[in-house]
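2 protein chains.
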Amino acid sequence: MNKTKLTLKDVAEQLGVSTATISNAFNRPDQLSKTKREEILAQCKKIGYSGPNKAAQILRKGTSNIVALVLADSISYMVSDPVASTFIKGVSSTLQENGKHLLLYAGDSDSILDVVDFVDGFICYGQPRNSNLVSELAVSPKPVVTVDFDIEDKPSINIDNEEAAYRVASHALNEGDNVAIFGLRLIDSPSTCRIYDNPLIDVDSSIAHRRLDGYLRAATEKSISVSNERIWHLPESDRHFARQAAKEVLTSSPRPNVVLCMSDIIALELLHLALEMGIKVPEELKITGFDGIEEAERTRPRLTTVCQSSSEKGVEATKALLNQVTAKSTLPFELQVGDTV
Amino acid sequence: MNKTKLTLKDVAEQLGVSTATISNAFNRPDQLSKTKREEILAQCKKIGYSGPNKAAQILRKGTSNIVALVLADSISYMVSDPVASTFIKGVSSTLQENGKHLLLYAGDSDSILDVVDFVDGFICYGQPRNSNLVSELAVSPKPVVTVDFDIEDKPSINIDNEEAAYRVASHALNEGDNVAIFGLRLIDSPSTCRIYDNPLIDVDSSIAHRRLDGYLRAATEKSISVSNERIWHLPESDRHFARQAAKEVLTSSPRPNVVLCMSDIIALELLHLALEMGIKVPEELKITGFDGIEEAERTRPRLTTVCQSSSEKGVEATKALLNQVTAKSTLPFELQVGDTV
DNA sequence: CTGTTAGCGCATTCAC
DNA sequence: GTGAATGCGCTAACAG
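Residue numbers (full-length UniProt numbering), protein chains in the order written: chain V, 1 to 341; chain Y, 1 to 341.
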């Protein structure tokens, strides 16, 4: 048992060969004979040398096999969100297949600078809460792939949110409907509220605004107008925020007969509260969701929603990063008709 | 705009000071005057130098601020499990507070050797599916903290699983009861089944066997015997596995009037199926869970279970790692009486 | 308080 | 196929 950790140099001395030979045995099999290589590896194993030091390799090679997944929010929040965790699944399984490691990075961190030097690239899932990260990613020397939002000149994975929202809303709406919308992060407020005349945030870049565009396009086509006091802002796709909005909307008068929700989580919360209150769905209240999470499939009545495959997004984003793809790509979505419309 | 990335040496030259001064300005404020330091930092900012290269620091200092969280299973599975994701929350928030980064590591990986050189330590949550990892962690030169299982001589965070199981079972059981148990990973099988005479796995180290001990102690005290055909094995705490076990147990004859479940997820699935089948809970069927997840609090009737704070486990494990604690510690649990017993 | 120097452990030239 | 030399970018020790 050696007390101090073996280095490549130690091993080379012990085996009576040069350091390059040991290095090649581990990294470049073509540089030496098969028998010699295997002999060396066997010897190394015997003396307890498990290969070149990774920290040194990172410096020397400039690659670490570590990919940073930058989340929109704190890790705490994202990891319990079913949509985000499904995305993480897709990323992690693809990384694992390719021998890469996953570093989880919070979107409310100050900066990516303290990892940019040693990670091989970034997957950025949703617009980070700290917009500083976006600027840093934009000029990062390491590859970046964004998902559910865009950075100029960087590859991205998206669905057509406007069209998806339009499709589900078109399915739900009829002329004369009284419509409310549960939106996500539309204005700059930490709590659930109607948007009224508050300034909208990230109108150009946020998917929430694309979805809103789609909803409103469908409404307009049916000659329905939706005023700003019928549009709720929820800071997160979270059932607690949703519950409050649901209470407000279901006790408002006149009560809307359609509520378009920007996520399944908030749609389900509304659905539950409506049923508790004895409101008939869809006869008295129609509800649409967004995402297509598993819980929505299990719930009765089944939620009408737009399915996007979050895990596939994760897979595609990871592949795009690993293969140095530079194009932006748009994934398909699917209208899923349930019982709530 | 410099095309090639600036190094500390470049900067030192440009500013006309030595490399050590630049290094000290960033790393050891006490080594130079405040004014000089601030002047240097300002200059660096101006020329676009954001600090010493982290990859080089990792090699030089031997620390990276990266902590690996080794999960029991694939990341895919763990990230959607509410108990695990709550644990991850605790870990990630504590790491973030301390400026550390989180590397997620799958328990079905081949080896920890490809990260051991550059991470600062390991938190191991549950016994990794690949037992090889346990051997490697046992001799790791980097600090290790285990949670929900033990490695000799390494600090750990646990609850008293035997006692917790005993307590909830004692609450549920009455003399003459017909008892079934839904256990986790009791035998080596990838599918739901009764354990019969199959060889039990990890009897000494697994928390599932401690819980089983507790259940059986409570049963024995009430003069109840539980045969091996009344004990189910589920490979994971997953609703799909649970559904199958639930079907089996609810259609078995004589049907048990108490089912002790080793997780809330599987208890809830059993509860749902029982209600679908028109079985009255708790009159005809009593159910206990384990963990105390949020969904169990929301569900009606409320599940009787044992609450353990997974997020606190995460916090404590992280603190133990960062503070180099060496003692094993046991966290409290709490019996949560609901409506299902 | 500041500058010089010697590695951290390795991979890659380039000669042989 | 192999071995010696250079430096990846930095920090800690030391000398001034």
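Beta carbons: idealized from backbone N, C-alpha and C, even for Gly. Quick caveat, the model's predicted, so the values are computed rather than measured.
DSSP state of residue i mapped onto helix, strand, coil
i, result
"glycine 121(V)", "strand"
"arginine 243(Y)", "helix"
"lysine 5(Y)", "coil"
"threonine 220(V)", "helix"
"glycine 90(V)", "helix"
"lysine 100(Y)", "coil"
"isoleucine 159(V)", "strand"
"isoleucine 287(V)", "strand"
"glutamate 152(V)", "coil"
"leucine 268(Y)", "helix"
"threonine 330(V)", "strand"
"threonine 299(Y)", "coil"
"valine 139(V)", "coil"
"threonine 318(Y)", "helix"
"glutamine 31(Y)", "helix"
"threonine 21(Y)", "helix"
"lysine 313(Y)", "helix"
"methionine 78(Y)", "helix"
"serine 294(Y)", "According to the sequence shown, residue 294(Y) is glutamate rather than serine. Here glutamate 294(Y) sits in helix by DSSP."
"serine 170(Y)", "helix"
Pairwise C-alpha distance: residue j and residue i
i, j, result
"residue 399(V)", "alanine 246(V)", "It is not possible to answer for residue 399(V), since the shown part of chain V is limited to 1 through 341."
"leucine 8(Y)", "phenylalanine 333(V)", "49 Å"
"histidine 272(Y)", "glutamine 324(V)", "47 Å"
"arginine 37(V)", "glutamine 31(V)", "9 Å"
"valine 139(V)", "glutamate 236(V)", "28 Å"
"isoleucine 224(Y)", "valine 70(Y)", "39 Å"
"valine 79(V)", "leucine 335(Y)", "27 Å"
"alanine 25(Y)", "alanine 327(Y)", "38 Å"
"proline 141(V)", "isoleucine 157(Y)", "41 Å"
"methionine 1(Y)", "lysine 46(Y)", "In this predicted model, methionine 1(Y) has a pLDDT of only 39, less than 50, meaning its place in the structure is not dependable; the value taken from the coordinates is given anyway. Going by the C-alpha atoms only, they are around 11 Å apart."
"phenylalanine 182(Y)", "isoleucine 293(Y)", "17 Å"
"isoleucine 151(V)", "alanine 317(V)", "14 Å"
"proline 128(Y)", "glutamine 14(V)", "35 Å"
"alanine 267(V)", "isoleucine 287(Y)", "30 Å"
"residue 374(V)", "phenylalanine 290(V)", "Residue 374(V) lies beyond the range of chain V shown here (1 to 341); nothing can be said about it."
"aspartate 339(Y)", "proline 199(V)", "47 Å"
"isoleucine 75(V)", "serine 310(V)", "17 Å"
"phenylalanine 122(Y)", "tyrosine 49(V)", "21 Å"
"residue 342(Y)", "aspartate 177(Y)", "Within the shown structure, residues of chain Y are numbered from 1 to 341, placing residue 342(Y) beyond reach of any answer."
"leucine 6(Y)", "glycine 51(Y)", "9 Å"
"valine 226(Y)", "glutamate 284(Y)", "19 Å"
"leucine 41(Y)", "serine 92(Y)", "30 Å"
"leucine 234(V)", "threonine 192(V)", "5 Å"
Where residue i falls, given that 16 or more other Cβ within 10 Å makes a residue buried
i, result
"aspartate 110(Y)", "exposed"
"threonine 86(V)", "buried"
"lysine 3(Y)", "Residue placement at lysine 3(Y) is flagged as unreliable, the pLDDT there being 49, under the threshold of 50; the coordinate-derived value follows with that caveat. Under this definition lysine 3(Y) is an exposed residue."
"glycine 16(Y)", "exposed"
"alanine 164(Y)", "buried"
"glycine 314(V)", "buried"
"tyrosine 166(Y)", "buried"
"tyrosine 196(Y)", "exposed"
"asparagine 132(Y)", "exposed"
"alanine 20(V)", "exposed"
"serine 64(V)", "buried"
"lysine 54(Y)", "buried"
"lysine 61(Y)", "exposed"
"glycine 107(V)", "buried"
"asparagine 27(Y)", "exposed"
Cross-strand partners of residue i (DSSP beta bridge)
i, result
"arginine 194(Y)", "Trp232(Y)"
"alanine 183(Y)", "One point to set straight first is that residue 183(Y) is glycine, not alanine, in the sequence displayed. Paired residue(s): His233(Y)."
"valine 306(Y)", "Leu335(Y)"
"alanine 68(V)", "Leu103(V) and Phe122(V)"
"cysteine 261(Y)", "Phe182(Y)"
"residue 342(V)", "Summary: the structure shown does not reach residue 342(V), with chain V confined to residues 1 through 341, and so no result is reported for it."
"leucine 200(Y)", "Ile187(Y)"
With three or more C-beta pairs closer than 8 Å as the rule, is the segment 161-181 of chain Y touching the segment 203-222 of chain Y? yes
Answer yes if the segment 274-281 of chain Y comes into contact with the segment 115-124 of chain Y, meaning at least three C-beta pairs across the two stretches below 8 Å, and no otherwise. no
Any 3 or more C-beta pairs closer than 8 Å across the segment 121-140 of chain Y and the segment 293-304 of chain Y: no
How do the segment 197-207 of chain Y and the segment 250-261 of chain Y stand: do at least 3 beta-carbon pairs fall below 8 Å, yes or no? no
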